[in-house]
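Trainee: To convert, note that position 514 of the sequence shown is 571 in my numbering; the numbers rise steadily by one, no gaps.
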Amino acid sequence: MEASVLGPVGYEMRLEKLKEDLGTDEELGSIRRERHEERNSRPGREYCLLRIFFQYSHRAKRARSMSSLATHTLYSPSGRWLYNDAEQRTARYTPFDVDALQEIASKAVDARHCTAFTKIAEGSYNKIFLLEFDNASRAVARIPSSIELDSHFAPKVLAWNSSSSNPVASPFILMEYLSNPPLQSCWYHIKGAQTGYVISDICWLQYLFTLRKFSQIGSLYFKEDVSPELQDRPLYLSDEDNQRPSAQKYRIGPIVDREWWRGERRNIQADRGPWPDMASYITTAARLAQECLSRGIDTNSSFARSSHQDVPEIHRLLEKCIAVAPHLAPPDSSLLSPLLAHPDMSASNMLIESPEKPSIACFLDWQGAIVAPAFMQVSIPALLAYTDGVFELDSEGCVPPLPEDIDERPSDEQEYLRLHHKLLSRYRFYLAQLPKLGPLHAAAWRYPHQEVTSDLPLYVLRCWADGPLKLRDALMEVSDPDSSAIPCAIDFSPAEREAHDEELRARVRYQGMVERLVEYVGCDGQGWVEEERFEEAQRAVEGAARQWDDAVGPFPFRDGSWSFFLN
58 MEASVLGPVG YEMRLEKLKE DLGTDEELGS IRRERHEERN SRPGREYCLL
108 RIFFQYSHRA KRARSMSSLA THTLYSPSGR WLYNDAEQRT ARYTPFDVDA
158 LQEIASKAVD ARHCTAFTKI AEGSYNKIFL LEFDNASRAV ARIPSSIELD
208 SHFAPKVLAW NSSSSNPVAS PFILMEYLSN PPLQSCWYHI KGAQTGYVIS
258 DICWLQYLFT LRKFSQIGSL YFKEDVSPEL QDRPLYLSDE DNQRPSAQKY
308 RIGPIVDREW WRGERRNIQA DRGPWPDMAS YITTAARLAQ ECLSRGIDTN
358 SSFARSSHQD VPEIHRLLEK CIAVAPHLAP PDSSLLSPLL AHPDMSASNM
408 LIESPEKPSI ACFLDWQGAI VAPAFMQVSI PALLAYTDGV FELDSEGCVP
458 PLPEDIDERP SDEQEYLRLH HKLLSRYRFY LAQLPKLGPL HAAAWRYPHQ
508 EVTSDLPLYV LRCWADGPLK LRDALMEVSD PDSSAIPCAI DFSPAEREAH
558 DEELRARVRY QGMVERLVEY VGCDGQGWVE EERFEEAQRA VEGAARQWDD
608 AVGPFPFRDG SWSFFLN
């Protein structure tokens, strides 16, 4: 696709794109992400910050009441996809018994009947409904899409059921309704002390997570929901923490991360934890990937980036991963204690008190949360990580000044540059604040391969779906004889490294073209658009496809093309 077709993307278009929610659940970044470099306690803050509520998506639509909405529309996802549309809609189509859900909800809030049933939000994994009752109560229901597989909901608020064997005929959770706005509604407009409130609250939550060290790697369960063997194991690492009431209520069980269960791999009888250490965690992930490959699971999917000629290399990479796994742990034992962390700290998952006082009232979307080694749990929140490169921190870690001629530039360019400068300043403030409160994060960030090691289980479990490049890149980084601090348990020849670098550069060029296409069409990375824009976006895609340069890589928005969620 030539530059003349898309045209030079103007500041205004880039500004609007930037103002969309920073935290998405699609894989939109480039192959290699940038490496990154005082809060007082409040009474009752731990309870407020750690409450678990429904997922609030950035795809929230205007509310439509039951009276004006066909029942099948409640089951179907909102919007359309510009490629793989039928498969994406099928993956998210979730029938359930609306009347039964209303009856259960009415009993939960001591009402006679439900007076309104409205879809208020939707994400890749859930549909969110607001229920209103004749006694003025309100509740929120979350129904998982079929793409979420066999999820089990941990938080009990009003009522919940984790299986389809109930009157609703679907897993569900009913929670109290919160009218708080999401942070994303004002994140780009607040400034000064308001920004400080938000960043301090985020730092405070991350600090709280460091206070409780768990005994194993896995996920949190109610004690009665794990096997007798796991019930006999302690929840926490220390005897003192195991005297807490929570230590009698919860246990660590198998990991709930979707990558361990998606597709046909859910039927494999495999070790999914809990595990005693990081080496076991990574090795088991590689063994599961090997088993899936040997059984041919997903290998015939057109939505994957791999082809059958990649099978021998993927097997070799997985063996290398198993060989290096025992050597990846940092020498500082404090970085190995298992901690809980929020899985998606994006602006849409934080509800604030008000735009005027944007202190965070609660964090949403805890599904998929895992307990893992501390240094693997200290990633920078999506809304604060700055990797766009419009401005960069100087050699001393300071934010550079705005251009001297900023006031003389066109207004849209001024706004674009000021916004990027603001985002970099927030990133710098976060980097300065969190280590003061939680020195564990600073110690983890100093570990040479913290980020790539943290992502290694994901690269392993998606090595067929996403192709071998990311896994190979990670293994080459940790085994680089010129920069790695890890004992060289594996190696790659100079020719292999040279070929890899060439493939990596080509992928980065291709990803850049895809991101430009996404901006031009006005969709997300999976081709999703609002239904009212579908035909307009389709025409844009058709025009771009005619001019696409296949030498860069395949046009991404064709049916059957790679898809993160359909793998």
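Beta carbons are placed, not taken as given, at the ideal position from N, Cα and C, and that holds for glycine.
#1: Would you say Ile-177 and Phe-190 are within 8 Å of each other, going by their C-beta atoms?
#2: Beta-carbon within less than 7 Å of Glu-587's beta-carbon, same chain only, minus the 5 sequence neighbours each way: which residues are those?
#3: Sort out for me which residues DSSP pairs Ser-276 with in a bridge.
#4: Touch check for the region 545 to 556 and the region 365 to 373: three-plus C-beta pairs under 8 Å?
#5: Residues in its own chain within less than 7 Å of Tyr-234 by CB, not counting five upstream and five downstream?
#6: Excluding the 5 residues flanking Leu-44 on each side, which residues of the same chain have their C-beta closer than 6 Å to its C-beta?
#7: Would you kindly report the start and end of the unbroken alpha helix (DSSP H) that includes Phe-432?
#8: So within the region 338 to 406, which uninterrupted alpha helix (DSSP H) runs reach at least 4 residues, ignoring any that extend past its ends?
#9: Rounded C-beta distance between Ala-426 and Leu-450? I'm assuming under 8 Å.
#10: Counting beta carbon pairs with one atom in the region 277 to 288 and one in the region 300 to 320, are three or more of them shorter than 8 Å?
#11: Taking the C-alpha atoms as reference points, what is the distance between Ala-597 and Arg-590?
#12: Can you give the Cα-Cα distance for Tyr-307 and Ala-380, rounded to whole angstroms?
#13: So what does DSSP say about Trp-138, is it helix, strand or coil?
#14: Could you check whether Ser-363 and Gly-524 sit closer than 8 Å to each other, using their CB atoms as the reference points?
#15: Would you list, in sequence order, the uninterrupted alpha helix (DSSP H) runs of no fewer than 4 residues that lie entirely inside the region 474 to 537?
#16: Alpha carbon to alpha carbon, what distance is there between Ala-361 and Ala-556?
#17: Note down, in chain order, each residue of its chain lying with its Cβ closer than 6 Å to the Cβ of Gln-625, except the 5 sequence neighbours on either side.
#18: Check whether the region 231 to 245 and the region 393 to 409 are in contact - that is, three or more C-beta pairs closer than 8 Å.
#19: Please state whether the Cβ-Cβ distance between Phe-612 and Gln-583 is less than 8 Å.
#20: Determine the closest residue to Ser-618 out of Pro-438, Val-571 and Glu-576, with distance taken between C-alpha atoms.
#21: With three or more beta-carbon pairs closer than 8 Å as the criterion, would you say the region 315 to 324 touches the region 502 to 522?
#22: Alpha carbon to alpha carbon, how far is Arg-116 from Ser-227?
#23: In its own chain, which residues sit with a C-beta less than 8 Å from the C-beta of Phe-486, not counting the 5 before and 5 after it?
#24: Exposed or buried, Lys-377, counting other C-beta atoms within 10 Å across all chains shown (16 or more means buried)?
#25: Ignore the nearest five residues each way along the sequence and tell me which others in Gln-366's own chain have a CB closer than 7 Å to its CB.
#26: Are the CB atoms of Val-435 and Trp-332 within a distance shorter than 8 Å?
#27: Just mark Ser-114 as buried or exposed, buried being the case when its beta carbon has 16 or more other beta carbons within 10 Å.
#28: Tell me, to the nearest whole angstrom, how far the beta carbon of Ala-429 is from that of Ser-394; I am working on the premise that it is less than 8 Å.
#29: In the DSSP assignment, what residue or residues form a beta bridge with Arg-329?
#30: Alpha carbon to alpha carbon, what distance is there between Cys-349 and Glu-144?
#31: Are Met-433 and Ser-511 touching if we call contact CB-CB under 8 Å?
#32: What does the Cβ neighbour count give for His-506, buried or exposed, with the cut at 16 atoms within 10 Å?
#33: Just tell me which of Pro-201, Arg-562 and Lys-248 has its CA closest to the CA of Leu-231.
#34: Leaving out five residues before and five after Ala-608 in sequence, what residues of the same chain have Cβ atoms less than 8 Å from its Cβ?
#35: Between Ile-463 and Ile-417, what straight-line distance do the alpha-carbon atoms span, to the nearest angstrom?
#36: Pick out whichever of Gln-305, Ser-284, Phe-153 and Ser-272 has its Cα sitting closest to the Cα of Ser-220.
Mentor: Reading from the atomic positions:
#1: No, Cβ-Cβ distance for Ile-177 and Phe-190 is not below 8 Å.
#2: Gly-136
#3: Gly-310
#4: no
#5: Leu-187, Arg-195, Ala-196 and Val-197
#6: Since the first residue of the chain shown is 58 and the last is 624, residue 44 is not available in this structure.
#7: Per DSSP, Phe-432 belongs to no alpha helix (DSSP H) and is neither H nor E.
#8: 368 to 381
#9: With a Cβ gap of about 31 Å, Ala-426 and Leu-450 do not count as contacting.
#10: yes
#11: The alpha-carbon atoms of Ala-597 and Arg-590 are separated by roughly 11 Å.
#12: 34 Å
#13: In the structure shown, Trp-138 adopts extended strand secondary structure according to DSSP, grouped into three states.
#14: yes
#15: 496 to 503, 507 to 518 and 526 to 535
#16: The alpha-carbon atoms of Ala-556 and Ala-361 are separated by roughly 22 Å.
#17: Only positions 58 to 624 of the chain appear in the structure, and residue 625 is not among them; the question remains open.
#18: yes
#19: no
#20: It is Val-571 whose Cα lies nearest to the Cα of Ser-618.
#21: Taking 8 Å as the limit for Cβ pairs, the verdict is that the region 502 to 522 does touch the region 315 to 324.
#22: Note that Arg-116 has pLDDT 32, beneath the 50 cutoff, so the model's placement of it is unreliable and the number below is only indicative. Rounded to whole angstroms, Arg-116 to Ser-227 spans 22 Å at the Cα level.
#23: Thr-252, Gly-253 and Ile-256
#24: buried
#25: none
#26: Taking 8 Å as the cut-off, the beta carbon of Trp-332 is found no closer than this to the beta carbon of Val-435.
#27: Note on Ser-114: pLDDT 31, under 50, position unreliable in the model; no value is reported.
#28: Not quite, the Cβ-Cβ distance comes to about 10 Å (not below 8 Å), so this is no contact.
#29: Answer by DSSP bridge pairing: none, since Arg-329 is not bridged.
#30: So the alpha carbons of these two residues sit roughly 22 Å apart.
#31: yes
#32: buried
#33: Pro-201
#34: none
#35: 33 Å
#36: Phe-153
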